[in-house]
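Working notes, beginning with the structure itself.
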Amino acid sequence: MPGVPSTVGVVATVATLVGALAVVGAASGAAQRLSGAADSAALAAADAASGAATGVPCERAAEVAIANGAAVGSCASVDLIVTVTLVSNFAGVPFSASARAGPPP
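Just so we're aligned, residue 36 is where the sequence shown starts under our numbering, counting upward by one.
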């Protein structure tokens, strides 16, 4: 069967590429979820800073982060503007996302 070895090579190459694309897609999805969680945490903290919601701004951000499976890497509240950085892991690789929220300038 003259075509069998080349067919096996093509199938192995395609399977490797599909696997690699699946990992990249999953990592991209995890990064997007973390980014959304950072946005939500910053908004919750800004609401607390402005008095629209109860609580301490960075504690509110931490609650939102935990609910989304992340942790607060940093949180700063200056006047009514809150900047939050969340950290998480994907397949043992740490990554982070930051967001800022507050009233318009």
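Virtual Cβ for every residue (Gly too), placed ideally from N, Cα, C.
Beta-carbon separation (whole angstroms), residue i vs residue j, contact threshold 8 Å
i: Val91; j: Val107; result: About 12 Å separates the two Cβ atoms, so there is no contact after all.
i: Ala134; j: Ala73; result: 4 Å
Distance CB(residue i)-CB(residue j) smaller than 8 Å
i: Ala77; j: Ala96; result: yes
i: Ser70; j: Ala132; result: yes
i: Gly137; j: Ile116; result: yes
With 16 other Cβ atoms within 10 Å as the buried cut-off, status of residue i
i: Asp82; result: buried
i: Ala79; result: buried
i: Leu56; result: exposed
i: Ser109; result: exposed
C-alpha gap between residue i and residue j, whole angstroms
i: Arg49; j: Ser112; result: The amino acid at residue 49 is misidentified as Arg; the sequence shows Val. For Val49 and Ser112, the distance between alpha carbons rounds to 50 Å.
i: Asp114; j: Thr51; result: 51 Å
i: Ala47; j: Val58; result: 17 Å
DSSP three-state assignment for residue i, whether helix, strand or coil
i: Gly71; result: helix
i: Gly5; result: In the structure displayed, the chain extends from 36 to 140; residue 5 sits before or after that span and is not available.
i: Val91; result: coil
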